[in-house]
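K.L.:
For what it's worth, this note's numbering labels the leading residue of the sequence shown as 2, then goes sequentially. Positions of the beta carbon are idealized from the N, C-alpha and C atoms, including for glycine. Predicted, not measured: the structure shown is a model, and the values here were computed from it. Sharing a structure here in structure tokens format.
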Amino acid sequence: MSSSSIEAHIALIGNPNSGKTTLFNALTGQNQKVSNYAGATVSRKSGQFFTPHGHQFELIDLPGCYSLSPNSPDEEVTRDFLLGDQEGETPPDLILCVLDATQLERHLQLLLQVIDLGYSVVVALNKIDSAEAQGLRIDPTSLSEDFAVPFVPLSALNERGIVQLKQALRFPFPSAPGRLWKGPAELEESIALSTKVAEEEGLPKPEAHGIQRIACPDNTDTEAEQFIVKKRTEFIQRAVEAGLQRPDDSAQDLTDKIDAHALHPIKGWFLFTGIMFTVFWTIFEFASIPMDWIDGAFGSLGEGITSKMSEGDFQSLIVDGVIAGVGGVLIFLPQIVLLFFFISLLESSGYMARAAYLMDRVMSKVGLSGKSFLPLLSGYACAIPGVMATRTISNAKERLATILILPWTSCSARLPVYVMLVPFLVTGSLSQTAIMFGIYAVGTITALLAAKFLKPRLGATEPPQFLLELPPYQKPQWSHVFHQVWERAFSFVKKAGTLILGISILLWFLGTYPKSNSDDPVVQQENSAMGRAGKLIEPIVSPLGWDARMGTAMLTSFAAREVFVSSLAVSYSADSDEPESVRETVTNAKRPDGSPLFTPLVALSLLAFFIYALQCLPTTAVVKRETGSWKWALGQLGGMTAFAYLAALAVYQIGKLIGYS
Ligand code: GDP
Ligand code: MG
Numbered sequence: 002m003s004s005s006s007i008e009a010h011i012a013l014i015g016n017p018n019s020g021k022t023t024l025f026n027a028l029t030g031q032n033q034k035v036s037n038y039a040g041a042t043v044s045r046k047s048g049q050f051f052t053p054h055g056h057q058f059e060l061i062d063l064p065g066c067y068s069l070s071p072n073s074p075d076e077e078v079t080r081d082f083l084l085g086d087q088e089g090e091t092p093p094d095l096i097l098c099v100l101d102a103t104q105l106e107r108h109l110q111l112l113l114q115v116i117d118l119g120y121s122v123v124v125a126l127n128k129i130d131s132a133e134a135q136g137l138r139i140d141p142t143s144l145s146e147d148f149a150v151p152f153v154p155l156s157a158l159n160e161r162g163i164v165q166l167k168q169a170l171r172f173p174f175p176s177a178p179g180r181l182w183k184g185p186a187e188l189e190e191s192i193a194l195s196t197k198v199a200e201e202e203g204l205p206k207p208e209a210h211g212i213q214r215i216a217c218p219d220n221t222d223t224e225a226e227q228f229i230v231k232k233r234t235e236f237i238q239r240a241v242e243a244g245l246q247r248p249d250d251s252a253q254d255l256t257d258k259i260d261a262h263a264l265h266p267i268k269g270w271f272l273f274t275g276i277m278f279t280v281f282w283t284i285f286e287f288a289s290i291p292m293d294w295i296d297g298a299f300g301s302l303g304e305g306i307t308s309k310m311s312e313g314d315f316q317s318l319i320v321d322g323v324i325a326g327v328g329g330v331l332i333f334l335p336q337i338v339l340l341f342f343f344i345s346l347l348e349s350s351g352y353m354a355r356a357a358y359l360m361d362r363v364m365s366k367v368g369l370s371g372k373s374f375l376p377l378l379s380g381y382a383c384a385i386p387g388v389m390a391t392r393t394i395s396n397a398k399e400r401l402a403t404i405l406i407l408p409w410t411s412c413s414a415r416l417p418v419y420v421m422l423v424p425f426l427v428t429g430s431l432s433q434t435a436i437m438f439g440i441y442a443v444g445t446i447t448a449l450l451a452a453k454f455l456k457p458r459l460g461a462t463e464p465p466q467f468l469l470e471l472p473p474y475q476k477p478q479w480s481h482v483f484h485q486v487w488e489r490a491f492s493f494v495k496k497a498g499t500l501i502l503g504i505s506i507l508l509w510f511l512g513t514y515p516k517s518n519s520d521d522p523v524v525q526q527e528n529s530a531m532g533r534a535g536k537l538i539e540p541i542v543s544p545l546g547w548d549a550r551m552g553t554a555m556l557t558s559f560a561a562r563e564v565f566v567s568s569l570a571v572s573y574s575a576d577s578d579e580p581e582s583v584r585e586t587v588t589n590a591k592r593p594d595g596s597p598l599f600t601p602l603v604a605l606s607l608l609a610f611f612i613y614a615l616q617c618l619p620t621t622a623v624v625k626r627e628t629g630s631w632k633w634a635l636g637q638l639g640g641m642t643a644f645a646y647l648a649a650l651a652v653y654q655i656g657k658l659i660g661y662s
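Dropping the structure here:
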């Protein structure tokens with residue numbers, strides 16, 4: 002598709018979470034391009050689509066923003082883009098403004114600001130499905146008349162109303178309605194003056210600059226600004242009164258009733274703990290069945306191959322390298338799937354926002370605002386999106402503190418390691434749940450204490466107020482829940498089939514060559530490259546109770562934490578001639594004197610290390626990008642690794658002292 006057939010450029014704007022990206026995907030499909038804005042770390046996504054009238058447009062997904070007076074790097078890019086100040090970008094021909102229909106009043110603020118800048122606008126009134134479910138009645142015609150731009154009700158998620166939206170993008174576009182309110186003579190004069198100044202400076206869109214300078218001056222609170230805010234609010238209130246009918250409050254009543262318990266400072270925490278406990282317990286209780294299937298399947302695959310192939314290095318590569326390595330990780334798929342199912346369920350039902358609300362009070366005690374909560378919450382899935390989500394934190398110091406502590410919220414890549422180690426500590430799904438709960442609590446509490454320690458040292462000021470929306474409780478959106486679970490599961494399997502497969506093969510080679518003349522697998526292992534590396538690292542890890550192979554497995558897991566499990570599986574499976582399941586392999590691993598390797602104390606020491614260590618090079622790369630400095634990225638990597646080492650050391654040495662083994 003040549004870009005010369007593009008007839009117009011459309012920019013997608015909206016508050017964070019209004020559904021911009023979902024709409025962008027619904028409109029452009031696979032036809033997308035991602036890059037970065039010039040001079041900014043903010044990513045730029047563009048794509049193309051056709052309307053039913055056969056016009057081809059380019060669509061750009063602007064970073065989400067609450068207003069055009071920027072509070073974050075994302076908002077700054079969006080403002081600069083609209084004013085024509087963004088390097089390498091020309092202002093769009095039309096703005097597609099995405100509003101969340103369930104948050105209409107608040108989101109209309111942005112619409113009004115965009116209209117004020119003199120753009121042609123079409124409104125995508127998104128999440129109409131949720132609005133309906135909440136019993137909100139919205140009259141698009143009335144809103145269209147008041148704002149003088151078309152309002153198209155739609156649901157980007159369910160792809161409802163997309164065609165109607167495309168039809169509303171009539172080309173050539175209608176002219177811009179222009180400013181919808183008028184100030185007193187004095188204000189109008191200063192706007193005219195400011196516009197003229199911008200014109201003389203040769204700025205694109207001089208009136209937009211003029212209004213922007215008066216309506217959203219940086220860091221000052223002028224009378225004119227206050228007046229404009231008041232005018233806009235009045236305008237919106239009037240429009241909403243005519244165009245929005247709220248439900249007869251029965252849904253709200255139920256939500257309020259539940260929230261009286263869910264947000265209660267004591268009962269709320271009991272409920273939260275209970276829910277989390279149930280989630281983990283379910284994972285331990287039920288995942289073991291499909292895990293046994295997967296384990297069994299890989300076990301018999303290994304046996305089948307062993308009996309079919311002639312003995313030799315190639316057989317060993319397949320059985321001890323590929324099958325042990327990939328199987329060792331894939332066995333944890335059921336647990337990952339269940340965990341993400343519950344997380345999506347809690348999000349979709351509206352409970353997660355309540356957890357955020359409870360957390361907000363704790364966070365403010367350590368000097369973080371609720372704005373840090375969502376990034377930290379994403380951290381439980383993966384630190385990388387978590388670090389990127391800190392872009393919504395306006396205070397630079399608070400943002401830095403959040404990035405620095407974020408990897409201590411336990412990401413899902415640690416889950417396979419935890420799940421492998423916990424059964425060495427206790428048996429029974431209830432006790433295992435308690436340990437699991439403890440692991441997450443330890444990580445979280447340490448992260449919060451670290452924030453308290455770091456913030457004053459980074460010179461951060463008091464957190465700004467954060468207004469958390471508490472959406473009404475609703476029935477989970479099953480399609481969305483399953484989609485998210487599927488995405489997670491798929492990326493987990495993909496990682497097992499690519500990165501982990503590759504590393505397993507590499508590890509097998511390192512663990513097999515160079516060969517020694519001896520037939521004894523122990524001597525062979527010691528002679529291999531891995532055995533030698535293990536010998537080097539052994540003095541460092543033996544105070545933690547680990548053997549050389551755990552040490553090398555730990556080193557390899559800096560590529561990705563899950564690799565630890567594969568790595569152990571690969572290196573210990575070479576010990577026995579019999580093919581066995583991954584769990585048997587690890588359980589049966591012995592020290593040279595024949596005592597079991599994985600004692601409860603050793604498992605605890607490994608756990609301590611994995612809770613605290615930052616073993617994820619992609620995270621370090623993203624931290625470097627987001628903080629703009631290797632100093633913070635490497636400092637975090639070194640600091641967390643050292644902390645992890647000391648924690649494991651303390652656990653093992655104290656454990657030995659008190660006679661726990
Ligand atoms: P962005 O931050 O504006 O890019 O928003 P996203 O596209 O990431 O969407 C934010 C959330 O809203 C996601 O959980 C979406 O699944 C959800 N969402 C988007 N469109 C709709 C919709 O039409 N209906 C409902 N109920 N949810 C939606
Ligand atoms: Mg988005």
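Who are the Cβ neighbours of ARG626 in its own chain at under 8 Å, not counting the five residues just before and after it?
P.N.:
Walking along the sequence shown from the start, residue 626 turns up at place 625. Correct list, in chain order: THR42.
K.L.:
Just to check, is the beta-carbon of LEU158 closer than 7 Å to a non-hydrogen atom of the ligand GDP?
P.N.:
Locating residue 158 in the sequence shown gives position 157, counting from the first residue. It does: the Cβ of LEU158 is within 7 Å (strictly closer) of some heavy atom of the ligand GDP.
K.L.:
What residue range is occupied by the uninterrupted beta strand (DSSP E) comprising LEU545?
P.N.:
What you label residue 545 is simply residue 544 of the sequence shown in a count that begins at 1. Here LEU545 belongs to no beta strand (DSSP E), and DSSP marks it neither H nor E.
K.L.:
What's the gap between the Cα of SER3 and the Cα of GLN49?
P.N.:
As a first step, residue 3 is located in the sequence shown; it is residue number 2 there, counting from the start. As a first step, residue 49 is located in the sequence shown; it is residue number 48 there, counting from the start. Low confidence applies to SER3: its pLDDT is 45, below 50, so where it sits in the model is not reliable, and the reading given next is rough at best. Looking at the two C-alpha atoms, the distance is approximately 11 Å.
K.L.:
Please give me, in chain order, every unbroken run of the alpha helix (DSSP H) with length at least 4 that falls completely inside the segment 150-178.
P.N.:
Qualifying alpha helix (DSSP H) stretches, in chain order: 163-169.
K.L.:
Tell me the start and end of each unbroken beta strand (DSSP E) in the segment 120-153 that is at least 3 residues and wholly inside, in chain order.
P.N.:
Here the runs fully enclosed are 122-127.
K.L.:
So the candidates are GLY162, VAL122, PHE51 and PHE299; which of them puts its Cα closest to the Cα of VAL330?
P.N.:
As a first step, residue 330 is located in the sequence shown; it is residue number 329 there, counting from the start. Of GLY162, VAL122, PHE51 and PHE299, the residue nearest in Cα terms is PHE299.
K.L.:
Please look up how many angstroms separate the CB atoms of GLY85 and GLY15, rounded, as I've assumed it's under 8 Å.
P.N.:
In the sequence shown, residue 85 corresponds to position 84, counting from 1. In the sequence shown, residue 15 corresponds to position 14, counting from 1. About 20 Å separates the two Cβ atoms, so there is no contact after all.
K.L.:
Once you ignore the five residues that flank TYR661 on each side, which residues in its own chain have a CB closer than 6 Å to its CB?
P.N.:
Here residue 661 corresponds to residue number 660 of the sequence shown, with the count starting at 1. These residues qualify, in order along the chain: LEU602.
K.L.:
Looking at the secondary structure, which residues open and close the beta strand (DSSP E) in which SER44 lies?
P.N.:
One-based indexing of the sequence shown puts residue 44 at position 43. From DSSP, the beta strand (DSSP E) with SER44 extends over 44-51.
K.L.:
Measuring straight from C-alpha to C-alpha, what distance separates ALA648 and GLY387?
P.N.:
Translated into the one-based positions of the sequence shown, residue 648 becomes position 647. Translated into the one-based positions of the sequence shown, residue 387 becomes position 386. Straight-line Cα distance between these residues: approximately 24 Å.
K.L.:
Alpha carbon to alpha carbon, how far is GLN227 from ARG233?
P.N.:
Reading the sequence shown from its first residue, position 226 is the one you call residue 227. Reading the sequence shown from its first residue, position 232 is the one you call residue 233. Answer to the nearest angstrom: the Cα atoms are 10 Å apart.
K.L.:
By DSSP's criteria, ASP101 is part of a beta bridge. Which residues make up the other side?
P.N.:
As a working mapping, residue 101 is identified with position 100 in the sequence shown. DSSP lists ASN127 as partners of ASP101.
K.L.:
For LYS167, tell me which candidate among GLU539, GLN57 and PRO266 has the shortest Cα-Cα distance.
P.N.:
By 1-based counting over the sequence shown, the position of residue 167 is 166. Minimum Cα distance to LYS167 is reached at GLN57.
K.L.:
Under the rule that 16 or more other beta-carbon atoms within 10 Å means buried, what is ILE215, buried or exposed?
P.N.:
As a first step, residue 215 must be located in the sequence shown, where it is residue number 214. That one is buried.
K.L.:
Can you tell me the Cα-Cα spacing of ARG80 and THR393, whole angstroms?
P.N.:
The count along the sequence shown starts at 1 and reaches residue 80 at position 79. The count along the sequence shown starts at 1 and reaches residue 393 at position 392. If I take the Cα positions, the gap works out to 15 Å.
K.L.:
Return the bridge partner residues of ASN37 from the DSSP annotation.
P.N.:
Numbered from its first residue, the sequence shown carries residue 37 at position 36. Per DSSP, SER44.
K.L.:
Does the count of Cβ pairs from the segment 354-372 and the segment 314-321 closer than 8 Å reach three?
P.N.:
The segment 354-372, when compared against the segment 314-321, does not touch it at the 8 Å Cβ threshold.
K.L.:
How many Å lie between SER517 and ILE319 at the Cα?
P.N.:
Looking up residue 517 in the sequence shown gives position 516. Looking up residue 319 in the sequence shown gives position 318. Rounded to the nearest angstrom, the two C-alpha atoms are 21 Å apart.
K.L.:
Under 7 Å from any heavy atom of the ligand GDP, does the C-beta of SER19 make it?
P.N.:
To locate residue 19, count along the sequence shown from 1; it is residue 18. Checking the Cβ of SER19 against the ligand GDP gives yes.
K.L.:
For the segment 340-347 and the segment 525-532, state whether three or more C-beta atom pairs, one from each stretch, are separated by less than 8 Å.
P.N.:
At 8 Å Cβ cutoff, the stretches do not touch.
K.L.:
Thinking C-alpha only, which one of ALA414, ALA357 and SER395 is nearest PHE273?
P.N.:
For this step, residue 273 is matched to residue 272 along the sequence shown. Checked all of ALA414, ALA357 and SER395; the closest Cα to PHE273 is ALA357.
K.L.:
Helix, strand or coil: which one does DSSP assign to PRO71?
P.N.:
One-based indexing of the sequence shown puts residue 71 at position 70. In the structure shown, PRO71 sits in coil (DSSP, three-state: anything other than H, G, I, E or B).
K.L.:
From this set, GLU286, GLY380, SER156 and LEU126, which residue's C-alpha is nearest THR142's C-alpha?
P.N.:
Taking the first residue of the sequence shown as 1, we reach residue 142 at position 141. Looking at the Cα atoms, LEU126 is the closest of the given residues.
K.L.:
Suppose the cutoff is 8 Å on Cβ atoms and the five residues either side in sequence are ignored; what does the same chain contact list for GLU189 look like?
P.N.:
Taking the sequence shown and counting its residues from 1, the one referred to as residue 189 is at position 188. Closer than 8 Å at the Cβ level, and outside the excluded window around GLU189, lie LYS183.
K.L.:
Give the secondary structure of LYS663 by DSSP, where H, G and I count as helix, E and B as strand, and everything else as coil.
P.N.:
Beyond the ends of the chain as shown, which are 2 and 662, falls residue 663; an answer cannot be given.
K.L.:
Alpha carbon to alpha carbon, how far is ARG400 from ILE541? Give it in angstroms, no decimals.
P.N.:
The sequence position of residue 541 within the sequence shown is 540, counting from 1. The sequence position of residue 400 within the sequence shown is 399, counting from 1. Cα-Cα distance, rounded: 35 Å.
K.L.:
Please classify ASP594: is it buried, with 16 or more other beta-carbons within 10 angstroms of its beta-carbon, or exposed?
P.N.:
The residue given as residue 594 occupies position 593 in the sequence shown. Exposed, by the Cβ-count rule.
K.L.:
On a Cα-Cα basis, can you pick out the residue from LYS398, TYR573, VAL241 and ILE659 that is closest to LYS372?
P.N.:
As a working note, residue 372 is residue 371 in the sequence shown. Cα-wise, what sits closest to LYS372 is LYS398.
K.L.:
Work out the CA separation of ILE267 and PHE82 for me, nearest whole Å.
P.N.:
Within the sequence shown, numbered from 1, the residue matching residue 82 stands at position 81. Within the sequence shown, numbered from 1, the residue matching residue 267 stands at position 266. When rounded, the distance between both Cα atoms is 47 Å.
K.L.:
How is the beta strand (DSSP E) around ASP62 delimited, first residue to last?
P.N.:
On the sequence shown, position 61 is the one that residue 62 refers to. Where ASP62 is concerned, the enclosing beta strand (DSSP E) stretches over 57-62.
K.L.:
Closer than 7 Å by C-beta to GLN433: which residues in its own chain qualify, once you throw out the five before and the five after it? Chain order, please.
P.N.:
Taking the first residue of the sequence shown as 1, we reach residue 433 at position 432. Answer for GLN433: PHE285, VAL423, PRO424 and VAL427, listed in chain order.
K.L.:
Assuming ILE11 is part of the beta strand (DSSP E), what are its boundary residues?
P.N.:
Mapped onto the sequence shown, residue 11 falls at position 10. ILE11 -> beta strand (DSSP E) spans 9-15.
K.L.:
Can you tell me where the alpha helix (DSSP H) with TRP487 in it begins and where it stops?
P.N.:
In the sequence shown, counting from the first residue as 1, residue 487 sits at position 486. Per DSSP, TRP487 belongs to the alpha helix (DSSP H) from 479-496.
K.L.:
Can you list, in chain order, the residues of its chain whose CB lies under 7 Å from that of GLY546, leaving out five sequence neighbours each side?
P.N.:
Counting from one through the sequence shown, the residue named residue 546 turns up at place 545. Hits under 7 Å: LEU602, VAL603, SER606 and TYR653.
K.L.:
I need the DSSP call for GLN87, collapsed to helix, strand or coil.
P.N.:
Here residue 87 corresponds to residue number 86 of the sequence shown, with the count starting at 1. Of the three classes helix, strand and coil, the one that applies to GLN87 here is coil, per DSSP.
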